[in-house]
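K.L.:
Here you go, one structure.
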Amino acid sequence: MIFPIGDENVIGGAKPYVSYTLITLNILIFIYTLSIGNEIGNFYRAYATIPAQLMDGYGFMTLLTNMFLHGGLMHIAGNMLFLWIFSDNVEAIFGNFWFFLFYLAGGIFATLAHVAFNQTSIIPSLGASGALSAVMGAYLVFFPKS
């Protein structure tokens, strides 16, 4: 695996306020999950997406909340690294509001794809990887030579 360490920033465009807010929010929620000790399983069952529950018609709010949960230090570190490097340029192109909607839509779509292939699973699904895949796809489209 290759780890990116940076890129050339877009001159002009929207300031990456949404990107920085998402990074901060993800880190704060991760720190909170570290602080709840043995209750973390219950927390994940409440806020991570469980495909079987969605298929049974409940837990729809987890389509949003699962994007802000991470299963460990390397999980959040990798996701936030990729968010830090790629999202600022995509946000500069889309603008703050549309980037935020794009990020959420990417995460929801990825979660729904996961649910479609794992309809009976009772294993909680969490993380920002789906939303980041959308961001990285947009980055590839807008900056194919970077």
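Going by our numbering, the sequence shown opens with residue 355, and the numbers climb by one from there.
We treat Cβ as the ideally placed atom computed from N, Cα and C, and that holds for glycine.
Please go through the same chain and pick out, in chain order, the residues whose beta-carbon is closer than 8 Å to the beta-carbon of residue 483, but skip the five residues on each side of it.
P.N.:
Result list for residue 483: 433, 464, in chain order.
K.L.:
Excluding five sequence neighbours on each side, which residues of the same chain lie with their C-beta closer than 6 Å to the C-beta of residue 490?
P.N.:
If we look at residue 490 and ignore the five residues flanking it on each side, its Cβ neighbours are 440.
K.L.:
On the DSSP bridge assignment, give the partners of residue 475 in chain order.
P.N.:
The partner list for residue 475 (beta bridge, DSSP) is empty, contrary to what the question assumes.
K.L.:
Just to confirm my understanding: we take residue 454, look at its own chain, exclude 5 residues before and 5 after, and list those with CB closer than 6 Å. What are they?
P.N.:
Around residue 454: 372.
K.L.:
Among 375, 476, 379, which has the Cα closest to the Cα of residue 398?
P.N.:
Of the listed residues, the one whose Cα sits closest to residue 398 is 476.
K.L.:
Can you give the Cα-Cα distance for residue 479 and residue 365, rounded to whole angstroms?
P.N.:
Each residue's alpha carbon lies about 37 Å from the other.
K.L.:
Go through its chain and collect everything with a Cβ distance to residue 413's Cβ below 8 Å, but skip five positions before and after it.
P.N.:
So the list reads 403, 404, 407, once near-sequence residues are dropped.
K.L.:
Name, in chain order, the residues that DSSP records as bridge partners for residue 416.
P.N.:
Per DSSP, none; premise fails for residue 416.
K.L.:
Going by CA-CA distance only, name the one from 391, 493, 374, 424 that's closest to residue 447.
P.N.:
The shortest C-alpha separation from residue 447 is found at 493.
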